[in-house]
Structures are given as structure tokens and as C-alpha cells.
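Single-structure report; data block below.
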Amino acid sequence: MTDRLGELTAAGVAVWLDDLSRVRLSSGNLDQLRREKHLVGVTTNPTIFAKALSDADEYSWQLRDLAMRGVTVEETVRMLTTYDVRWACDVMRPAYDSSAGVDGRVSIEVDPRLAYETEKTVAEAKALWWLVDRPNLFIKIPATEAGLPAITATLAEGISVNVTLIFGLDRYSQVMEAFLAGLEQAKANGHDLTKIASVASFFVSRVDSEVDKRLDKLGAAGRPDLAALKGKAAVANAQLAYERYSEVFSSDRWQALADAGAHPQRPLWASTSTKNPEYRDVIYVEELIAPGTVNTMPEPVIDAYADHGEVRPDAVTGAYTQAREVFTGLAAAGVDFDDVIATLEREGVEKFEASWLELLDGVRKSLEAAAEGAGKPGRAAQDNAAAAQRAGGNA
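Each residue of the sequence shown is one higher than the last, beginning at 1 in full-length UniProt numbering.
Put into C-alpha cells, the structure is as follows:
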């Protein structure tokens, strides 16, 4: 039987799971994926946690204890999520040890409401690093303008970073600059560079979704020249990102850091599930095979690739000219790709913020139920009682 995921790994692509839940951890599913499907990393985001924590039964004992202590909703979220991530770090520790710290990483994201606040992002990154307390942790920081200096400052503290929500080439270049500056500062601060790692999460499928929508508005249904551009932008964009990665990490500046033991900041292909059912379900894996990359996939994509994926050697480095032709065509068609990127970044932050608020709301309700089940008034009930008491005192 063909071991397609093994072949993908041999081609230089690290297979990571874009999902985490306590069910995966308690059932042994995550460890099974590590042992049987070449899994060497895990990524999470607010949407993933909102879904995981909707299953309150898995978290009932912890929710009950936190409710008894009167812990706030936001602190409860941190306790629940860091518990899961710490557990996942322990499950992935063999991959971390066998790769000398390159893989076996698990990511947790800073509060997305801080995406435009540099100093608060750094403070939360440090707090999460302390809370999880595992060397194979990644702190996810969004690649907003405010996030760039936060990336540098966090790396300078010796903290490993997963830079998320990267959509455009220019922003990706800024991310790599922030990474290099962070490592240079970390070195100056006396940190061991061999212990610091980073990935740059370049989002893929969402680019096609946005570009295809604009091509449809321009009349792609009746114009073969526009229709031929659909489903091409995401892969082309990522391929040109890899070209920039290759240039930066062959520079003298990078070599000086490598000589000090630094690991390169690997490109990580995120948002790799196919949104359009007309496209091949593993297109964002097959078309982005290149050495030194990470592909983080939902489990259905991992299973699909294991079933029928193809390893396509040199799928990226041999496609730069063709990738540029895609953007020439989009510009000629009237698609403003700079606006596409700006829209996707803004919407990406908004979506994660909405998921975070959904998560807070779900945990608030679970805390109330846990508190009342334990015979202790929920926080809302306590607040109402306190308000009544104040009203009585003022009467």
C-alpha cells in the first residue's frame, strides 16, 4: 500500500494538523495520527477552540472547578485552551525531540482583539508562553502592521512564533524581516538560537475564494479568458512567496544567524481545504510541495491525500514564470490584487475575533451551568444579586 504521506514527508513537507480538541487528546487520536500518519505538528485558532469547547461535557470537571473558584470567563478560556495545548505539546514531544526542535510544535494564538495593539500582543505572548510552559510551543501572532514589531519583540525574548494571517507577498517580506530582526535581538540578549523556531503561515484557499468571486462579478461565466484564471491565484501567490523565502534564506544576513545555530522560518501553507467543490480536494497540497515547508491540514484533507494524493517534484520552484503570468492576467482583467489582500487580512482578523467572542459566550454559559449544578450561584446571578443589593442600599 502506497504511503503517500510518507512520500510527502520525504519531499520536504512537514505534515501538521489544523485542529485540536480534548476528544482528540483523551481518545489518543492525536497520538495515533503522529504514529501512523507522519503528523509532526498542530495548529489551532479561535475558530477551532470555539468548536472544541462547544462540547462542554469534555470540559465539565475543569469548568466545575473554575466555576467554584469564581474565575472570570476570559481567564477560564485561557485555562481550558492552555491545558489542551500543553497536553498536545506533550503528545507531540517525540517529534520535537527527533527533529532537534524543528517540528513537534503546537500553536496557540493571542487574543485576536489585540491584532492592532503591539505592546498588548507581546504581553499576552509572554503570558501564554509562561502558562503552557513547554519548549515545543508556538505563539501565533497575526501579521498585521501592529503585529510585525510584536513578532520581533517576542522572538527577542526567546519565544518561538507562528506568524499567522499572511496573504500578500509584500507583507510576507515584512514578516521575514521581523523574524531576522527578532533573532538578531535574541542573540544580542544572550538567547540560544537553537531553541527558537518560527513558521510563517501563508493562507491559500481564501485567496482563490476572493479572487474567483471578483472574476465572477466581471463575467467569468461568459468569458473563457476570465474563467481560465479561476482557481489559479492562490497557488501562484504561494509559489511566489516561496521564491521570496528562498532569496531571504540564502542571504549573508541569514547565514550569520544560521552559523549561530538558528533555524530558518519555514513557510507554512494554511487554509488548505478546498472551498470550491469543483477543484481537486488536495490541490493546495499537491501544488505546493517544496523542501523546507509545512502544510497544516484539517483531518479530511490529510485522509484525502493519504488516499489519492500525488507527490509532484519541483511543484513550486519550477513554476515562478507561470505564477507571474497569472497575476499579469488578473491585472489585465481588472482584479485589484492589492485590494484582495487588504480585504482578506481585515476579514481574517474579524472572523477570528468573532470566533473568540463566540468562544467567550459559550464558556460563559458553561460556567453558569457548572456553577448552578454545583449549588453555587453563577457569575451572572451573583452580579444580579449585587446589583439588587446596591439598589436597595440607594433606596
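Virtual Cβ for every residue (Gly too), placed ideally from N, Cα, C.
Supposed close pair residue i, residue j - CB separation, criterion 8 angstroms
i    : j    : result
L240 : K230 : Contact doesn't hold; Cβ gap of about 18 angstroms is too wide.
S205 : T272 : 6 angstroms
K140 : T118 : The pair is not a contact, with the Cβ atoms about 15 angstroms apart (cut-off 8 angstroms).
K275 : S209 : 5 angstroms
I283 : A11  : Contact flag wrong, Cβ pair sits at about 16 angstroms.
R134 : R86  : 6 angstroms
F49  : L360 : Contact flag wrong, Cβ pair sits at about 11 angstroms.
V132 : T82  : 5 angstroms
C89  : V102 : Actually they do not touch by this definition, with Cβ atoms about 15 angstroms apart.
A370 : R64  : 5 angstroms
L110 : V363 : It is Val, not Leu, that sits at residue 110 in the sequence shown. Not really, about 17 angstroms apart at Cβ, beyond 8 angstroms.
P112 : F337 : With 8 angstroms as the limit, P112 and F337 do not qualify as a contact, their Cβ atoms being about 25 angstroms apart.
V211 : V335 : 6 angstroms
A47  : S355 : Residue identity differs from the one stated: residue 47 is Thr in this sequence, not Ala. At roughly 4 angstroms, the Cβ-Cβ gap stays under 8 angstroms, so T47 and S355 are in contact.
Same chain, Cβ closer than 7 angstroms to residue i, neighbours up to 5 away in sequence not counted
i    : result
D31  : V91
A238 : F202, V204, W269 and L288
Q265 : M176, F179, S198, V199 and A200
W129 : L137, I139 and I159
G329 : L229
E74  : L360
A233 : V207, D208, V211, V326 and L330
R93  : G104 and N136
Secondary structure of residue i, DSSP reduced to three states
i    : result
M92  : coil
P267 : strand
K187 : helix
D18  : strand
G348 : helix
T343 : helix
L53  : coil
L165 : strand
G28  : coil
V316 : coil
V326 : helix
L39  : strand
N237 : helix
L288 : coil
L218 : coil
G70  : coil
E124 : helix
L229 : coil
S246 : helix
K275 : coil
E119 : helix
A260 : coil
A380 : Model confidence at A380 stands at a pLDDT of 43, short of 50, so the residue's coordinates are unreliable and nothing is read from them.
S60  : helix
Beta-carbon proximity check, residue i vs residue j, cutoff 9 angstroms
i           : j    : result
A186        : G158 : yes
residue 398 : L5   : Examination of residue 398 is not possible in this model, given that the chain is present from 1 through 395 alone.
T296        : W16  : yes
V13         : A95  : no
A236        : A319 : yes
L193        : G104 : no
D97         : L25  : no
S366        : Y59  : yes
A333        : D259 : no
P298        : D55  : no
Beta-ladder partner(s) of residue i, from DSSP
i           : result
T293        : V13
V207        : DSSP output for V207 lists no bridge partner at all.
F138        : S107
I48         : Paired residue(s): none; I48 is not in a bridge.
V363        : DSSP output for V363 lists no bridge partner at all.
F179        : DSSP output for F179 lists no bridge partner at all.
residue 397 : Outside the displayed span of the chain (1 to 395) sits residue 397, for which this structure offers no information.
Other residues of its chain near residue i: CB distance less than 8 angstroms, five sequence neighbours each side excluded
i           : result
K51         : S21
residue 405 : One cannot answer for residue 405 here, as it falls past the ends of the chain, which runs 1 to 395.
A227        : L215, A220 and A221
L169        : N237, L240, A241 and R244
I302        : L5, V15, L17, L33, K37 and L39
L218        : L226, A333, G334 and V335
Chain-order list of residues whose beta-carbon lies under 6 angstroms from that of residue i (same chain, five-residue window excluded)
i    : result
A115 : P142, T144 and V349
A315 : E287 and I289
T154 : V122, A125 and V161
A167 : It is Phe, not Ala, that sits at residue 167 in the sequence shown. Counting only Cβ-Cβ distances below 6 angstroms, and skipping sequence neighbours, we find F203, I341, L344 and E345.
F327 : none
Residue i at chain C interface by Cβ criterion, 9 angstroms
i   : result
T76 : Protein chain content of the structure displayed is limited to a single chain, and chain C is not contained in it.
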